Each structure stands twice: as structure tokens, then as C-alpha cells.
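Each protein sequence line maps, in turn, to chains A and B. Each residue of the first sequence is one higher than the one before, counting from 1 in the working numbering. Each residue of the second sequence is one higher than the one before, counting from 118 in the working numbering. Where a beta carbon is used, it is the ideal one built from N, C-alpha and C, also for glycine. Remember, it's a predicted structure, so these values are computed and weren't measured experimentally. Structure first, then comments.
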Amino acid sequence: AQSVTQLDSQVPVFEEAPVELRCNYSSSVSVYLFWYVQYPNQGLQLLLKYLSGSTLVKGINGFEAEFNKSQTSFHLRKPSVHISDTAEYFCAVSATLYGGSQGNLIFGKGTKLSVKP
Amino acid sequence: NAGVTQTPKFQVLKTGQSMTLQCAQDMNHNSMYWYRQDPGMGLRLIYYSASEGTTDKGEVPNGYNVSRLNKREFSLRLESAAPSQTSVYFCASTLFYGYTFGSGTRLTVV
């Protein structure tokens, strides 16, 4: 089985500062990794995903994440945040199944990013 | 392209009442899912359907039933609602990697 730990429940940061949202996972098999963003009163939107290949993954809105297999981590980063980045961010993991297909997504508990002027 | 559509968006139920949450996707996705989101708990899987004609329990299935009516539609039924089922419910679908989510149903059971 897989599990995800998001190490910070809330992250306050000033506008134009860099931010890192931390995510660690546990799995006995190979995994796919995802970050989703949820703006207030909306559904979840895919930010980026790691399936294979380069461990540095770039997503939408200037976000990027790095897959570190030895540390079992997939931290999300942005060099300069905007007020509009205020949202809740979810890390998710799925097992890689036979043929490379995706197992069910397991989500972390979320990190609320609050960007202050 | 509507993506994943959930109805209703809001609902208030009395304890013991029943209701069905509807979900439809127009992306020809094979797999569909129902999650619930509670503060500080992230998203927890209730039921999923890997393909038309199949359904399976997720992490928190008690008190719920599902129907995969056809490839497009996947409904979630609460037979006898309880206050513990107050939550935001999300439907999602996927073809290969990553899910597409609906905008959610906010359910309050009083």
C-alpha cells in the first residue's frame, strides 16, 4: 500500500518570496507522483506529475517539483509566489501497475499556502 | 468540453433521508472515482469503477453505494444519511494518468 505525508499543514509566505511545500511518500512498489491545487470552493486541478524520466518536473503557473527516490520525496517549489497562488495543495501517489497503468490515487492531507502582500 | 459534471452542487439532508449524487464525464474515460474531502483529512476514496460494469470499495465505503450506469455516468447513493456524512464529495475520472475532478457537491446532514 502507498501513503503520503505532507509535512506542513499551513505555509504562510510573503509575495515574491520563494516557497517549498514538502511531500514524502511510502511505497513498496514503483510509483507515479502528482501535485494538485485547489482554489477556494473549487475542484482539484493538476499542477504537475512525475511518471518517469527526468526527476525535475515543471508544471503550470511556474511550479516545479523534484522526485528524489532515495529520500522518497516529491517537494513542490516556486521561486516567486503571487497572491493568486493562495490555495490548498495536495500531493498524491499511485502505484504503477502491470503494463504501466496507474493505480488509485492516494492523497496527502494538504498544505494551505497563504501568500501575504 | 464540460469535463466532469457533478449535480447537485449543494444539498442539505435530514438524518435518515436518502439521496443520489450524480456524476457524468464526457472525455471517454474508463475509470471513475468518488472521494470525500473533510477538513484536515485530505481526500479519501469511497468507491471506484475501473471500467464500465465494475465497482470496488475504497478506503471509506460504509454508508454508501454506487452505480456505474454506463461509461459516462457514476452515481453515489446515501441510503440513510448520517451527520458523519457531512462533507464535500468529489467525482473524478481518468483514462491513463492523473485525474480530472468535478467541482464538488457540498452535503450537509442535520
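Contacts around residue i, its chain only, beta-carbon distance under 6 Å, and the 5 residues preceding and following it disregarded
{"i": "residue 210/B", "result": "121, 142, 146, 149, 217"}
{"i": "residue 139/B", "result": "124, 192"}
{"i": "residue 112/A", "result": "10, 88"}
{"i": "residue 205/B", "result": "154, 221, 223"}
{"i": "residue 20/A", "result": "75, 77"}
{"i": "residue 45/A", "result": "37"}
Straight-line gap, residue i to residue j (C-alpha atoms, nearest Å)
{"i": "residue 78/A", "j": "residue 65/A", "result": "9 Å"}
{"i": "residue 184/B", "j": "residue 191/B", "result": "6 Å"}
{"i": "residue 49/A", "j": "residue 12/A", "result": "24 Å"}
{"i": "residue 37/A", "j": "residue 131/B", "result": "32 Å"}
{"i": "residue 180/B", "j": "residue 171/B", "result": "19 Å"}
{"i": "residue 73/A", "j": "residue 135/B", "result": "42 Å"}
{"i": "residue 152/B", "j": "residue 163/B", "result": "5 Å"}
{"i": "residue 173/B", "j": "residue 166/B", "result": "6 Å"}
{"i": "residue 76/A", "j": "residue 199/B", "result": "37 Å"}
{"i": "residue 169/B", "j": "residue 186/B", "result": "8 Å"}
{"i": "residue 133/B", "j": "residue 177/B", "result": "19 Å"}
{"i": "residue 94/A", "j": "residue 119/B", "result": "26 Å"}
{"i": "residue 1/A", "j": "residue 227/B", "result": "35 Å"}
Beta-carbon contacts of residue i that lie in its chain and below 8 Å, excluding the five residues immediately before and after
{"i": "residue 15/A", "result": "81, 82, 83, 115, 116, 117"}
{"i": "residue 96/A", "result": "29, 30, 31, 32, 102, 103"}
{"i": "residue 71/A", "result": "24"}
Contacts around residue i, its chain only, beta-carbon distance under 7 Å, and the 5 residues preceding and following it disregarded
{"i": "residue 182/B", "result": "194, 196"}
Beta carbon proximity, residue i to chain E, threshold 8 Å
{"i": "residue 110/A", "result": "This model lacks chain E altogether; the protein chains it does include are A and B."}
Any non-hydrogen atom of the ligand COA within 7 Å of residue i CB
{"i": "residue 209/B", "result": "Absence of the ligand COA is noted for the structure shown, with no ligands found whatsoever."}
Item to check | Positions along the stretch 37-71 of chain A whose CB lies within less than 9 Å of some CB in chain B | outcome: 38, 41, 42, 43, 44, 45, 46, 49, 51
Checklist entry - Looking at chain A, which residues of the stretch 191-202 of chain B have a Cβ within less than 8 Å of any of its Cβ atoms? => result none
Checklist entry - In the stretch 119-172 of chain B, which residue ranges form an unbroken beta strand (DSSP E) of at least 3 residues, counting only runs that do not cross its ends? => result 121-124, 127-130, 136-142, 148-155, 159-166
Item to check | Stretch-stretch touch, CB-based, cutoff 8 Å, three pairs: the stretch 125-132 of chain B with the stretch 13-30 of chain A | outcome: no
Checklist entry - Hey, is the stretch 91-107 of chain A in contact with the stretch 55-62 of chain A, meaning 3+ C-beta pairs nearer than 8 Å? => result no
Checklist entry - Which residue spans inside the stretch 9-93 of chain A form an unbroken beta strand (DSSP E) run of at least 3? => result 10-14, 19-21, 23-26, 31-38, 44-50, 56-58, 64-68, 73-78
Checklist entry - According to a CB-to-CB cut-off of less than 9 Å, which residues of the stretch 5-33 of chain A neighbour chain B? => result 6, 9, 32
Checklist entry - According to a CB-to-CB cut-off of less than 9 Å, which residues of the stretch 124-153 of chain B neighbour chain A? => result 148, 150, 152
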